[in-house]
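Residue numbers (numbering that gives the first Met the number 0), protein chains in the order written: chain S, 0 to 250; chain E, 0 to 250.
Protein chains: 2
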Amino acid sequence: MPSSKPPTGSDNPGSDDPGRPGKPVPPDAPELIWLRPERTGRGPRPAHSRDSIAAAAIGIADTEGLDAVSMRRVAAALGAGTMSLYNYVPKKEHLLDLMLDATAAEYRLPPEPSGDVRADLTDLAHAQLAIFRRHPWLPALVLARPSIGPNALRYTDHFLAVTAPTGLGGGARMEAMALFNGFVCQFAQYEQTAAAGAKWQAELVGYLTQAAMSGDYPNLAQAFATSGSPADPDQTFDRTLHRVILAILTP
Amino acid sequence: MPSSKPPTGSDNPGSDDPGRPGKPVPPDAPELIWLRPERTGRGPRPAHSRDSIAAAAIGIADTEGLDAVSMRRVAAALGAGTMSLYNYVPKKEHLLDLMLDATAAEYRLPPEPSGDVRADLTDLAHAQLAIFRRHPWLPALVLARPSIGPNALRYTDHFLAVTAPTGLGGGARMEAMALFNGFVCQFAQYEQTAAAGAKWQAELVGYLTQAAMSGDYPNLAQAFATSGSPADPDQTFDRTLHRVILAILTP
DNA sequence: CGCTTCTACGTACGCTGTACCTAGAGAAGG
DNA sequence: CCTTCTCTAGGTACAGCGTACGTAGAAGCG
Chain S
0 MPSSKPPTGS DNPGSDDPGR PGKPVPPDAP ELIWLRPERT GRGPRPAHSR
50 DSIAAAAIGI ADTEGLDAVS MRRVAAALGA GTMSLYNYVP KKEHLLDLML
100 DATAAEYRLP PEPSGDVRAD LTDLAHAQLA IFRRHPWLPA LVLARPSIGP
150 NALRYTDHFL AVTAPTGLGG GARMEAMALF NGFVCQFAQY EQTAAAGAKW
200 QAELVGYLTQ AAMSGDYPNL AQAFATSGSP ADPDQTFDRT LHRVILAILT
250 P
Chain E
0 MPSSKPPTGS DNPGSDDPGR PGKPVPPDAP ELIWLRPERT GRGPRPAHSR
50 DSIAAAAIGI ADTEGLDAVS MRRVAAALGA GTMSLYNYVP KKEHLLDLML
100 DATAAEYRLP PEPSGDVRAD LTDLAHAQLA IFRRHPWLPA LVLARPSIGP
150 NALRYTDHFL AVTAPTGLGG GARMEAMALF NGFVCQFAQY EQTAAAGAKW
200 QAELVGYLTQ AAMSGDYPNL AQAFATSGSP ADPDQTFDRT LHRVILAILT
250 P
């Protein structure tokens, strides 16, 4: 068979070959971007890297919010044409995956656990919260699409190492990590919405007090009365984190 | 001036009146939809209600996913023109608020707590999970925009009633509720993405095993080896829920 | 040198949220 | 009663989105 290159199955030289001319992505290209090689070695050298693309997108998201991150905006920030971006990122979702994993690269993880599980987990939670606070758009994105790039895997590996002394099995420690990450992420997300909604906070308070006084929600009214001052966010975080770690470590 | 209708501004014969003619919403209309009256009593009777609008939107989301919920689609489902919907819902966000609160109406809460805090919280979590499972799009929406409509307030009130015997203060019980809801919601969300990604699950497994075998993530590899069978989702839920309740109730 | 495969990017389509405007329905005030 | 004013219904239009598709040219391989 002299056919120099059958792109997919049945090169059959004498008949119809659906999808041969212009389809380098038959349908077997992996959906997961981490399974696609960044570069195949053939053709001209790409002008950009996944890292630079992610950095550009993160820059836009940090300064103008996640909604401002569009394919056109990112491409323009890179000095590229809009559609050129699709050579690197088959769908916008994958751009978000790149952004997510790029933030996971910000962890400065110690080479190995200290042996004090509580302390290590507390440090890890604070590192995570710091990253979330640095990128206000990040919590929403993490909650919406849990993605596992290489850097996220490094984080996972570290968590597993930290919790190894507990004696829990692999599955149990994965569940623990989900609980742990979920808490930190939701806390950061709450902080974000609270900060963004500072303008409407007055409205909200009015609405809630009105609801409390309506008599329809007696326990809410009582809780309002019982609750003290607004409480420092960091204290609340540490207090609840302590409970979460306790829940994880309790056999 | 024979002009039969001054469309905007300054026909007023006596003085300047900023924003009278064509601005029924000067800028003091509340952003919170729950603070806007559903009906003012003046003019023709509206053809739709917030409930029917929410029901229509939920119907679309249940069958075609949240992305299919557009203003046009919902209006069409109601048999209305697209822009008519904006008389009921000033922005799309508010449509989502209506959907959220409509799902909170699905709770069948007991008139008052049984006195067994653990049992009540377990029941509540199961009710919540059932609602989440009934509306696959719901977890993502709850995580993205925590909104507090009348039905959500009823839920909150019930939670506060259930946790009253713990002796914790109002603020502490609110924090506990956030932790509790957050866990259930994230669990449901995880189930959803796992179900939706069943098609790519093979890819993911391949990626993870490849990562585990690469040697870069030794603890991940070991956890893979240590973990047993995939585990039943309901069992995992109950097990972790137990831990969360424990975290809440531990003084 | 071809051949092939890659990159770059312009054009175009269908869809989105929603600003704005025009009619007309119906309650409130004289 | 009639007038007036506010409300609802809905069409048109616009900017922006993700991305399918096609073309032109550069770089590696045989």
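Even glycine gets a Cβ: it sits at the ideal position worked out from N, Cα and C.
Since this is a predicted model, take the numbers as computed values, not measurements.
Burial state of residue i, where buried means 16 or more other Cβ atoms lie within 10 Å
i, result
"S:K22", "Because S:K22 sits at a pLDDT of 42, beneath the cut-off of 50, its placement in the model cannot be relied upon, and the following sentence gives the value as read from the coordinates. By the 10 Å Cβ count, S:K22 comes out exposed."
"S:N180", "buried"
"S:G169", "buried"
"E:L34", "exposed"
"S:M176", "buried"
"E:Q127", "buried"
"E:S113", "exposed"
"E:E174", "buried"
"E:A55", "buried"
"E:A124", "buried"
"S:T155", "buried"
"E:S213", "exposed"
"S:S51", "exposed"
"E:R238", "exposed"
"S:S146", "buried"
"E:Q234", "exposed"
"S:Q209", "exposed"
"E:R144", "exposed"
"S:A287", "Residue 287 of chain S cannot be examined here, being either before or after the span of chain S that is shown, 0 to 250."
"E:T162", "buried"
"E:A171", "buried"
"S:R107", "exposed"
"E:A74", "buried"
Proximal chain E residues relative to residue i, where beta-carbon distance stays under 8 Å
i, result
"S:R242", "L178, A246, I247 and T249"
"S:L219", "L152, T155, D156 and L159"
"S:T264", "Nothing in the structure corresponds to residue 264 of chain S, since chain S is present only between 0 and 250."
"S:Y216", "L152, R153, T155 and D156"
"S:P110", "Within chain E, no residue comes near S:P110; the closest Cβ sits about 12 Å away, beyond 8 Å."
"S:S103", "The residue asked about is misnamed: residue 103 of chain S is Ala in this sequence, not Ser. Neighbours of S:A103 on chain E: none; closest Cβ ~13 Å, over 8 Å."
Cβ neighbours of residue i in the same chain (closer than 7 Å, five flanking residues each side left out)
i, result
"E:Q188", "P138, A139 and L142"
"S:M70", "T81, L84 and K91"
"E:R38", "P45"
"E:D231", "none"
"S:E190", "P232"
"E:A28", "R35"
Chain-ordered neighbours of residue i on chain S, where CB pairs are closer than 7 Å
i, result
"E:G170", "S226, G227 and A230"
"E:F223", "G169"
"E:G114", "The contacting residues do not exist; E:G114 stays about 15 Å from chain S at best."
"E:T239", "E174 and L178"
"E:A76", "Near E:A76 there are no residues of chain S at all, since even the closest Cβ is about 25 Å away, more than 7 Å."
8 Å CB neighbourhood of residue i in its chain, flanking five on each side removed
i, result
"S:H93", "I32"
"E:A60", "A67, V68, M98, H134 and W136"
"S:G8", "In this prediction, S:G8 scores a pLDDT of 32, lower than 50, which makes its location untrustworthy; the coordinate-derived value is nonetheless stated afterwards. If we look at S:G8 and ignore the five residues flanking it on each side, it has no Cβ neighbours."
Close Cβ partners of residue i (< 6 Å) along its chain, the five nearest in sequence each way excluded
i, result
"S:S228", "none"
"S:P164", "V116"
"S:A53", "L97, M98 and A101"
"E:F223", "A211"
"S:L65", "W136"
"E:F182", "V243"
Residue i: contacting residues in chain E (beta-carbon distance under 7 Å)
i, result
"S:E30", "W199 and E202"
"S:Y206", "L31, W33 and L34"
"S:T235", "E174"
"S:P145", "T192"
Within chain S, the residues that residue i reaches when beta carbons sit closer than 9 Å
i, result
"E:G64", "The contacting residues do not exist; E:G64 stays about 14 Å from chain S at best."
Chain-ordered neighbours of residue i on chain S, where CB pairs are closer than 8 Å
i, result
"E:E37", "Per Cβ cutoff of 8 Å: no residues; E:E37 is ~15 Å from chain S at best."
"E:G181", "G181, F182 and Q185"
Any non-hydrogen atom of the ligand FMN closer than 6 Å to residue i Cβ
i, result
"E:R132", "No copy of the ligand FMN appears in this structure; indeed no ligand is present at all."
Where residue i meets chain E, residues with beta-carbon distance less than 9 Å
i, result
"S:Q191", "Going along chain E, no residue has its Cβ under 9 Å from S:Q191, so there is no contact; the nearest lies around 11 Å."
Is the region 214-224 of chain S touching the region 34-54 of chain E in the sense that three or more CB pairs, one from each, lie closer than 8 Å?
no
Cβ contact check for the region 140-151 of chain E and the region 201-214 of chain E: 3 or more pairs under 8 Å:
no
Let me know the alpha helix (DSSP H) ranges lying completely inside the region 207-247 of chain S, each 4 residues or longer, listed in chain order.
Complete alpha helix (DSSP H) runs here, min 4: 217-225.
Residue ranges of each alpha helix (DSSP H) within the region 121-168 of chain E, 4 or longer:
137-143 and 149-161
Can we say the region 118-126 of chain E touches the region 236-250 of chain E, given the rule of at least three CB pairs closer than 8 Å?
yes
Alpha helix (DSSP H) segments (min. 4 residues) lying fully within the region 48-100 of chain S:
49-63 and 70-77
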